[in-house]
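Colleague: Have a look at the structure that comes next, please.
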Amino acid sequence: MRILALDWGTVRIGVAISDPDGKIAFPLDKFIEPKNALGEIKKIVAELQVEKILVGWPKGLGGQATKSTDQVEKFVETLKSEIGQPLELLDERLSSIQAGNTLSAAGVSEKEQRNIKDNITAQIILQQYLDKK
37 MRILALDWGT VRIGVAISDP DGKIAFPLDK FIEPKNALGE IKKIVAELQV EKILVGWPKG
97 LGGQATKSTD QVEKFVETLK SEIGQPLELL DERLSSIQAG NTLSAAGVSE KEQRNIKDNI
157 TAQIILQQYL DKK
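The following block contains the structure:
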């Protein structure tokens with residue numbers, strides 16, 4: 037079962053996909069711009085035969101809702117009405133920090149991280165989900 041993970045953001049949406057067996061997460065080679073999100077996600081779902089979509093659910097460190105939490109929930113409602121695949125929200129606390137630390141440890145500069153960090157964050161969220169299965 038292929039699973040798509042999304043790390044929603046106001047500037048870009050990070051994207052990762054699982055292997056067909058649902059064991060390993062891979063970042064996609066491009067991010068999605070929010071203004072084109074629905075069309076791009078539909079295209080990815082069809083091309084890669086995605087059976088489930090995961091969306092990172094931003095919360096404060098104490099588990100409280102944030103401004104981003106409300107925006108993601110609205111985005112998810114739109115996705116549910118437009119895309120037929122099952123959809124699940126996943127806690128994404130600290131995943132962006134983990135992605136930045138991983139990229140920095142690999143020698144990727146802050147400037148270079150801008151266009152790939154969100155996809156790495158989506159990959160981390162997806163891999164954590166797959167590891168729990």
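Sequential numbering of the sequence shown, starting at 37, is according to the working numbering.
No residue lacks a Cβ here, since even glycine has one placed at the ideal position from N, Cα and C.
1) For a quick check, are the C-beta atoms of glutamine 159 and proline 63 less than 8 Å apart?
2) Under the rule that 16 or more other beta-carbon atoms within 10 Å means buried, what is alanine 61, buried or exposed?
3) May I ask you to report which of helix, strand or coil DSSP gives phenylalanine 67?
4) Smallest Cα separation from glutamate 69: which of Ile161, Lys168, Ile152, Ile119?
5) With burial defined as no fewer than 16 other Cβ atoms inside 10 Å of the residue's Cβ, what is the status of asparagine 155: buried or exposed?
6) Quick check on DSSP: helix, strand or coil for alanine 82?
7) Could you tell me the distance, in whole angstroms, from the CA atom of glutamate 76 to the CA atom of glutamate 87?
8) Could you check the C-alpha separation between lysine 78 and alanine 141 for me, to the nearest Å?
9) Quick check on the DSSP output: the alpha helix (DSSP H) that includes alanine 170 runs from which residue to which?
10) In chain order, what residues of the same chain lie with their CB nearer than 7 Å to the CB of lysine 66, ignoring the 5 residues before and after it?
11) Taking its Cβ as the centre, do 16 or more other Cβ atoms sit within 10 Å of alanine 52, making it buried, or is it exposed?
Modeller: If we stick to the structure as given:
1) Annotated as proximal: glutamine 159 and proline 63, with beta-carbon spacing under 8 Å.
2) The C-beta of alanine 61 has 16 or more other C-beta atoms within 10 Å across all chains shown, which makes the residue buried.
3) coil
4) Ile152
5) Sixteen is the threshold: when 16 or more other Cβ atoms of the shown chains lie within 10 Å of the Cβ of asparagine 155, as they do, the residue is buried.
6) helix
7) Glutamate 76 and glutamate 87: Cα-Cα distance of roughly 16 Å.
8) About 34 Å.
9) Lying before the first or after the last residue shown, residue 170 is absent from the chain, which here runs from 37 to 169.
10) none
11) buried
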